[in-house]
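Each residue of the sequence shown is one higher than the last, beginning at 1 in the working numbering.
Cβ coordinates follow ideal geometry from the N, Cα and C atoms, glycine included.
These numbers come from a predicted model, not from an experiment.
Report on one structure; see the data block that follows.
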Amino acid sequence: MSDDKFEFELPYSTPVMPVRLELNDELKFRCHRGVSCWNECCSHADVTLAPYDIIRLKDRLGMDSSEFLKQHTVPFQLDAHGVPGLKLRTNDDGACLFMQEEGCSVYSDRPTACRYYPSGVLSMKAQDEPTDEMHFLLVKEDHCKGHEEDHFQTIAEFRKEQGVEEYDDLNREWYQIILKKKSTGPAIGKPSEMSLQMFFMASYDIDRFRRFVMSDAFIKMYDLSDEEYDELEKDDIALMQFGSRLMKQVFFGEMSIKEREGAWEKRIEERREILEYRKQAEIAEHQRKQEEARKAALESGSGTDKDH
Ligand code: SF4
Ligand code: SF4
1 MSDDKFEFEL
11 PYSTPVMPVR
21 LELNDELKFR
31 CHRGVSCWNE
41 CCSHADVTLA
51 PYDIIRLKDR
61 LGMDSSEFLK
71 QHTVPFQLDA
81 HGVPGLKLRT
91 NDDGACLFMQ
101 EEGCSVYSDR
111 PTACRYYPSG
121 VLSMKAQDEP
131 TDEMHFLLVK
141 EDHCKGHEED
151 HFQTIAEFRK
161 EQGVEEYDDL
171 NREWYQIILK
181 KKSTGPAIGK
191 PSEMSLQMFF
201 MASYDIDRFR
211 RFVMSDAFIK
221 MYDLSDEEYD
231 ELEKDDIALM
241 QFGSRLMKQV
251 FFGEMSIKER
261 EGAWEKRIEE
271 RREILEYRKQ
281 AEIAEHQRKQ
291 EEARKAALES
301 GSGTDKDH
């Protein structure tokens, strides 16, 4: 199968053409404190974040997700429809804010893309296949001297060593959404502004998403059990995975979360009432202004008469 049947998604940008690898392919590479290029990669970091990366980092820093996003991320667009993505914030020279002389200050909670470097997971999907497949890539950038080390391991061993399997497993559903959105984009069209905002909140701002899921408006719409609500209230991972299910429902109509009977109709009816109310208010305001203008014209007309 030729590569042009696949869609590629690199976790970071690089001018170097990557080489495609499979789990059992061998990687000649080792990164350690003694390499001459120590910290070189983190000095010009371009790290795209996935939902589980953010949960690990905000917990590590003891921050609320909204505060973490404000201090440590910058937005970008994942596709032409404006699906929002996030990257780690850097300083003006492009260095990661977590980089220190001795290395990464959040090492045990570093994001997926950092764990994979100089390889990466390749989200690939044969255009005629319904499901995604996992393949990998390798980039050999000139500044990275780890490729000169005589250390060999398979991609499977490297993933285990870097603790990346857990990250991939937990982010899998979210990657599927991105992939499906890209491959079926023209067919489903541009998502509404409200859907894109929901995607942002469910993907990245988990603490705000929790408040939304616990709100009256949400409870009126979706029929979850008390046990499910209990779990979503306490468990970030369960909430993150629920967020992916919700977005599959919102973007693609894949119904896995039960909606309350008549909830949509009721909501549309409520919206209709609101729109009607707004329309009436606008008409009343327009009439009030016309009346004021008419009175002002009359008064100025009678004032002119008096002057003569
Ligand atoms: S999070 Fe750590 S490993 Fe990743 S770019 Fe920043 S300093 Fe480097
Ligand atoms: S060997 Fe590569 S990954 Fe390790 S510090 Fe150097 S540039 Fe970064």
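In this structure, Arg115 keeps its C-beta atom at 8 angstroms or more from the C-beta atom of Gly82. Contact annotation, Ala113 with Thr48: C-beta distance approximately 6 angstroms; criterion of less than 8 angstroms satisfied.
Taking a C-beta distance under 8 angstroms as the contact criterion, Ile188 and Met247 do not qualify as a contact pair. By the C-beta criterion, the region 169 to 184 is judged to be in contact with the region 247 to 258, since at least 3 inter-stretch pairs fall below 8 angstroms.
For Asp205, same chain residues with a beta-carbon under 7 angstroms away, outside a window of 5 residues either side, are Ser65, Ser66 and Leu69 in chain order.
If you look at His72, you'll find it in the alpha helix (DSSP H) that goes Ser65 to His72. With a cutoff of 8 angstroms on beta-carbon distance, Pro75 and Leu86 are scored as near each other. Chain order is used for the residues whose beta-carbon lies nearer than 5 angstroms to a heavy atom of ligand 1, namely Cys42, Ala45, Cys96, Phe98, Met99, Cys104, Arg110 and Cys114. Glu161 and Ala238 have their C-alpha atoms roughly 26 angstroms apart. The nearest non-hydrogen atom of ligand 2 is 7 angstroms or more from the C-beta of Gly120. In this structure, the straight-line span from the alpha carbon of Gln100 to that of Ser108 is close to 14 angstroms. Residue state for Leu224 is assigned as coil, using DSSP reduced to three classes. Excluding five sequence positions before and after Ala95, the CB atoms of its chain that fall closer than 8 angstroms to its own CB belong to Cys42, Ser43, His44 and Ala45, given in chain order.
Not one heavy atom of ligand 2 is found less than 7 angstroms from the C-beta of Gly163. Relative to ligand 2, the beta carbon of His151 is positioned no closer than 7 angstroms to any heavy atom. Under DSSP, Glu26 forms a beta bridge with Thr154. Under the three-state reduction of DSSP output, Ser119 falls in the strand class. Going by DSSP, Met214 is part of no beta strand (DSSP E) at all; its letter is neither H nor E. In this structure, Arg20 lies near Leu122, with their beta-carbon atoms less than 8 angstroms apart. Annotation: the continuous alpha helix (DSSP H) that includes Pro51 extends over Pro51 to Arg60.
A distance of 8 angstroms or more separates the beta carbons of Arg211 and Leu232. Out of Leu61, Asp53, Phe152 and Ala50, the CA that lies nearest to the CA of Leu27 is found in Phe152. Counting along the chain, no alpha helix (DSSP H) covers Arg20; the unbroken beta strand (DSSP E) around it starts and ends at Val19 to Leu21. For Leu196, the enclosing alpha helix (DSSP H) starts and ends at Glu193 to Ser203. DSSP places Met247 within a helical segment (H, G or I) once states are collapsed to three. Taking 8 angstroms as the upper bound for CB-CB distance, Glu259 and Met221 are in contact here, some 6 angstroms apart. 8 angstroms or more divides the Cβ of Cys37 from the Cβ of His135.
Taking a contact as a CB-CB distance under 8 angstroms, the pair Pro84 and Leu196 counts as one, their CB atoms being some 6 angstroms apart. Taken through DSSP and simplified to helix, strand or coil, Gly146 comes out as helix. Taking C-beta atoms as the reference points, Glu165 and Arg159 count as a pair closer than 8 angstroms.
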